[in-house]
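In my numbering, the protein residues as written are 1 to 250.
Cβ coordinates follow ideal geometry from the N, Cα and C atoms, glycine included.
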Amino acid sequence: MRRKIVAGNWKMNGNRQFAKKLVEDLSSVAGELKDSVEIVIAPPFILMADAVQNKTSDLKLASQNVSNFDNGAFTGETSADMLAEFGCQYSIIGHSERRALFGDLDGVVANKVAKSLEKGISPILCVGETLEERDAEKTLDVIRGQLDIALKDLNEQQLKQVVVAYEPVWAIGTGKTATPEQAQSVHAFIRNEVAVKSQLIANAMPIIYGGSVKARNAKELFAMADIDGGLIGGASLKFEEFSEICKAIG
Ligand code: 13P
Numbered sequence: 001m002r003r004k005i006v007a008g009n010w011k012m013n014g015n016r017q018f019a020k021k022l023v024e025d026l027s028s029v030a031g032e033l034k035d036s037v038e039i040v041i042a043p044p045f046i047l048m049a050d051a052v053q054n055k056t057s058d059l060k061l062a063s064q065n066v067s068n069f070d071n072g073a074f075t076g077e078t079s080a081d082m083l084a085e086f087g088c089q090y091s092i093i094g095h096s097e098r099r100a101l102f103g104d105l106d107g108v109v110a111n112k113v114a115k116s117l118e119k120g121i122s123p124i125l126c127v128g129e130t131l132e133e134r135d136a137e138k139t140l141d142v143i144r145g146q147l148d149i150a151l152k153d154l155n156e157q158q159l160k161q162v163v164v165a166y167e168p169v170w171a172i173g174t175g176k177t178a179t180p181e182q183a184q185s186v187h188a189f190i191r192n193e194v195a196v197k198s199q200l201i202a203n204a205m206p207i208i209y210g211g212s213v214k215a216r217n218a219k220e221l222f223a224m225a226d227i228d229g230g231l232i233g234g235a236s237l238k239f240e241e242f243s244e245i246c247k248a249i250g
């Protein structure tokens, strides 16, 4: 069976007290559910120390971004090396907010994937189409393009470490979730694209869905054959709701 992952992307939310309480509470849920799902949190960089100090090892840590440079005169950046030192196991890369607002275009995304892998951090590579692209029936072309550029230089050892998150841009923070069937068809497409490189790796790769996942719709999404969990924004800030989403797996 494939590894299941539910990751909470806090985006630019929270404070130290919030982080302490949420990671303490989530650590016990992560312990209870560890045989069925890996629970991951991605706090803002500045709250990472609080997260690390207050969580158990059952609750995994992700960054929301990583620098495409190693170290040096890069004001405002955080390197993969620094993240690895904090025990970061995952890094969210190519989130549509970063692509749209901060210039993380496909080439930069590919560099960030490479940098995180160099330090043993698994990229959670985000792909997804805008509403315009979906309406123009370009969804699969867009996804193929994003995957191609981000994954093209990886060898099999590296590809094995990658998690893909399908996040349709029109579903993020809008309350409009993709239907389970819409999401499933893109997830199956992503798996087939990876299978061109390696069927074995494609079969084992967690492909998670993001975009307005809530406790009320998680179960039907996670029931789909190629949906291996979720990348959760707003609902990951609420302990009860996020726990319910984690419990909806399996
Ligand atoms: P929402 O769950 O708030 O729609 O955000 C999804 C997301 O962008 C996770 O990375």
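Neighbourhood of residue i by C-beta, 6 Å cutoff - its chain only, sequence neighbours within 5 removed
i	result
residue 4	37, 228, 229, 249
residue 222	248, 249
residue 217	177
residue 209	166, 183, 221, 227, 230
Contact test: residue i Cβ vs the ligand 13P heavy atom, cutoff 7 Å
i	result
residue 213	yes
residue 248	no
residue 22	no
residue 253	Outside the shown range of the chain, which is 1 to 250, sits residue 253, and nothing can be said about it.
residue 111	no
residue 231	yes
residue 178	no
residue 235	yes
Residue range of the unbroken beta strand (DSSP E) whose run includes residue i
i	result
residue 229	229-232
residue 122	122-127
residue 210	207-210
Boundaries (first-last residue) of the alpha helix (DSSP H) holding residue i
i	result
residue 204	199-204
residue 23	16-32
residue 245	239-247
As assigned by DSSP and simplified to three states, the class of residue i
i	result
residue 109	helix
residue 221	helix
residue 7	strand
residue 130	coil
residue 115	helix
7 Å Cβ shell around residue i - same chain, five flanking residues per side excluded
i	result
residue 19	43, 47, 50, 51
residue 130	169, 170
- May I have a chain-ordered list of the alpha helix (DSSP H) segments no shorter than 4 residues that lie completely inside the segment 39-100? 48-54, 80-85
Ordered list of alpha helix (DSSP H) runs contained in the segment 150-202, each at least 4 residues = 156-159, 180-197
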